[in-house]
Amino acid sequence: MSYREEIILTKVNGNSGLSETLSDKTVFDALGDNHIGTSIETPMREDAFDLRDNEKVAAIEDKFRDIMNIMGMDLTDDSLQGTPHRVAKMYIKEIFYGLNPANKPKVSVFENKFGYGEMLVEKNINLNSTCEHHFLPIAGKAHVAYISSGEVIGLSKINRIVDYYARRPQVQERLTVQIANELKEILKTDDVAVVIDAKHMCVSSRGIQDESSSTLTAEYGGQFKDKAVRDEFLKYLEL
-2 MSYREEIILT KVNGNSGLSE TLSDKTVFDA LGDNHIGTSI ETPMREDAFD
48 LRDNEKVAAI EDKFRDIMNI MGMDLTDDSL QGTPHRVAKM YIKEIFYGLN
98 PANKPKVSVF ENKFGYGEML VEKNINLNST CEHHFLPIAG KAHVAYISSG
148 EVIGLSKINR IVDYYARRPQ VQERLTVQIA NELKEILKTD DVAVVIDAKH
198 MCVSSRGIQD ESSSTLTAEY GGQFKDKAVR DEFLKYLEL
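Each residue of the sequence shown is one higher than the one before, counting from -2 in my numbering.
Right, dumping it as structure tokens:
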């Protein structure tokens, strides 16, 4: 079997000689092309934060330099020589900052002194994430609503929660549920709704290469499971 047909992984989690067969790759492709997620929690190893951020940046920089070398790119070129560092810094400090619990937004809630009893809707929240199957961008909008059980949250904190959970390798279904679960815990209510409408570059730039489609996901809790309440929320999104 040629190198193109079988990849030999010389060191994976400390084990040498581990091979990835064609049947394994077929399964990997099927999982990715069908955008299948395996858990509600983001899959993380127990030692995920043993390295400090600057150590992760340095390690990823070395690995990405290897990738570019394998692709045959000339890293002495002025335009390319800083790319490994830029990519590594972008991964840890920007597009994947949401992997680290230390970066979780600090959120305070306040008493609902106005006695506001209707739903609050925050719509068209910018959402930028990354498909965990191909590491390509997901971009779209999130729409969030809740009905206060006695406490309210600052509006900008909703945006920050959306961004925190988006800034990691993701599956859109998981992202939707994670945002809803976080708001339920903070606000001490199940009356939370989250809708996400997003385009996936792993669909538009590879595979089927469909640039017109988008993906809609929703999570409804508490009163939002009632059709009338849910329809009211969805009507607001049309305004």
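Don't be surprised by glycine CBs; every beta carbon is placed ideally from N, CA and C.
Nearest-angstrom Cα separation, counted from residue j out to residue i
{"i": "D207", "j": "A195", "result": "13 Å"}
{"i": "E119", "j": "F221", "result": "15 Å"}
{"i": "N123", "j": "E148", "result": "25 Å"}
{"i": "D228", "j": "N178", "result": "21 Å"}
{"i": "S201", "j": "D50", "result": "32 Å"}
{"i": "S146", "j": "C199", "result": "40 Å"}
{"i": "D223", "j": "K181", "result": "17 Å"}
{"i": "T80", "j": "M87", "result": "10 Å"}
{"i": "D188", "j": "L117", "result": "11 Å"}
{"i": "I64", "j": "L133", "result": "16 Å"}
{"i": "Q78", "j": "A55", "result": "15 Å"}
{"i": "P98", "j": "D74", "result": "37 Å"}
Expected contact under 8 Å - CB spacing of residue i and residue j to nearest Å
{"i": "Q169", "j": "T212", "result": "6 Å"}
{"i": "N100", "j": "Y161", "result": "7 Å"}
Simplified DSSP assignment, three categories, for residue i
{"i": "T73", "result": "coil"}
{"i": "L236", "result": "coil"}
{"i": "E91", "result": "helix"}
{"i": "T80", "result": "helix"}
{"i": "R42", "result": "coil"}
{"i": "D63", "result": "helix"}
{"i": "D50", "result": "helix"}
#### Entry: Length-filtered (4 minimum) alpha helix (DSSP H) runs lying within the region 177 to 230
Restricted to the region 177 to 230, the alpha helix (DSSP H) segments that are unbroken, complete and at least 4 residues in length are 198 to 201, listed in chain order.
### Message
I'd like the ranges of any alpha helix (DSSP H) spanning at least 4 consecutive residues and lying wholly in the region 94 to 176.
### Response
Secondary structure remark: continuous alpha helix (DSSP H) runs of at least 4 residues inside the region 94 to 176, in chain order: 152 to 163.
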